[in-house]
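Following: one structure in structure tokens, then a few remarks.
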Amino acid sequence: MRKKVKLAFITRDSSRRVTFSKRKKGLLKKVSQLSILCGVPACAIVYGQKESQLELWPPSPISVRRVISKFQEMPAMEQSKKMMNQESFLLERVARTEEQLKKLRKDNRERKMANMMYRGLDVMLVPGWLEGLILLDLKDLNSVINKTLNQIDQKQEMLGRAGTSKEVVEPEEKAEAPVEANTLVESMLREQCFKDLVKLLELAPLPLEKGRTPSSTMWSNPFLP
78 MRKKVKLAFI TRDSSRRVTF SKRKKGLLKK VSQLSILCGV PACAIVYGQK
128 ESQLELWPPS PISVRRVISK FQEMPAMEQS KKMMNQESFL LERVARTEEQ
178 LKKLRKDNRE RKMANMMYRG LDVMLVPGWL EGLILLDLKD LNSVINKTLN
228 QIDQKQEMLG RAGTSKEVVE PEEKAEAPVE ANTLVESMLR EQCFKDLVKL
278 LELAPLPLEK GRTPSSTMWS NPFLP
């Protein structure tokens, strides 16, 4: 596995010169490939540690000036639209990573509530099984149950349409008919269980337990307003 490069100034002169040479060659090659493969005007200007060490792509200064002139003719807003330095690039990556983290937390929270919902189908007749949940958990659990009920309704509707539209059934499809029927019955039974669970949630005490606050739960609430 290739070692991840730390984006920081290389203090050692020899290492910095070697890295500069390799990266410069790679950059100019990428610009060349982009221009040729996609048929777009592009240029690159790379200065070395000494300002006299200048390298261009394309090698012709006239071609480079043509691309720069075309860029300067654009409105100022368009010129800066995709501009980035190291700081703005890192800020964008941080924002993107935070958005991914937020989505993962939301998915984990929904999975947690889904597991609690299915567990509730087994223990909902046990008195007091909801007493350990705070208001935040009750709201999220209710949201997941309603979402699951909607999915079951949609599935039943799809199965109903499929059953009425298939007047002629191929021989190889006949073996699958009992499976669809069983799935429909199972879904109907499960829906009734979900409705019973929703009723229990509606009857559950909403105030928080003494000494507990929403911050005492280990999850945030990413999918409630």
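So the number in this note's numbering is just where the residue sits in the sequence shown, counting from 1, plus 77. Heads up, the beta-carbon is just placed ideally off N, CA and C, and yes, glycines get one too.
Quick one: what's got a C-beta closer than 6 Å to residue i's C-beta in the same chain, skipping five residues either side?
i: C120; result: V141, V144
i: I113; result: none
i: P118; result: V144
On the CB-based measure, 16 or more other CB atoms within 10 Å of its CB, does residue i come out buried or exposed?
i: D230; result: exposed
i: D90; result: exposed
i: I222; result: buried
i: G103; result: exposed
i: G237; result: exposed
i: G209; result: exposed
i: L167; result: exposed
i: D184; result: exposed
i: L218; result: buried
i: R100; result: exposed
i: G197; result: buried
i: R325; result: No answer is possible for residue 325: it lies beyond the span of the chain, which begins at 78 and ends at 302.
i: R93; result: exposed
i: R170; result: exposed
Can you list, in chain order, the residues of its chain whose CB lies under 8 Å from that of residue i, leaving out five sequence neighbours each side?
i: T96; result: I87
i: Q149; result: Q156
i: Q71; result: It is not possible to answer for residue 71, since the shown part of the chain is limited to 78 through 302.
Where do the N-terminal and C-terminal ends of the beta strand (DSSP E) with residue i fall, by residue?
i: E132; result: 131 to 134
i: I122; result: 121 to 124
From which residue to which residue does the alpha helix (DSSP H) around residue i run?
i: A306; result: Nothing can be reported for residue 306: it is not among the residues displayed for the chain, which extend from 78 to 302.
i: R89; result: Careful: R89 lies outside any alpha helix (DSSP H) and carries neither H nor E.
i: P138; result: 138 to 149
Near residue i, what residues of its chain come up, given a Cβ to Cβ distance below 7 Å and the 5 sequence neighbours on each side ignored?
i: S109; result: W134
i: V245; result: In this predicted model, V245 has a pLDDT of only 47, less than 50, meaning its place in the structure is not dependable; the value taken from the coordinates is given anyway. No residues qualify anywhere along the chain.
i: Q126; result: none
i: K147; result: P118
Checklist entry - Counting pairs of beta carbons, one from the segment 175 to 185 and one from the segment 149 to 164, are three or more of them closer than 8 Å? => result no
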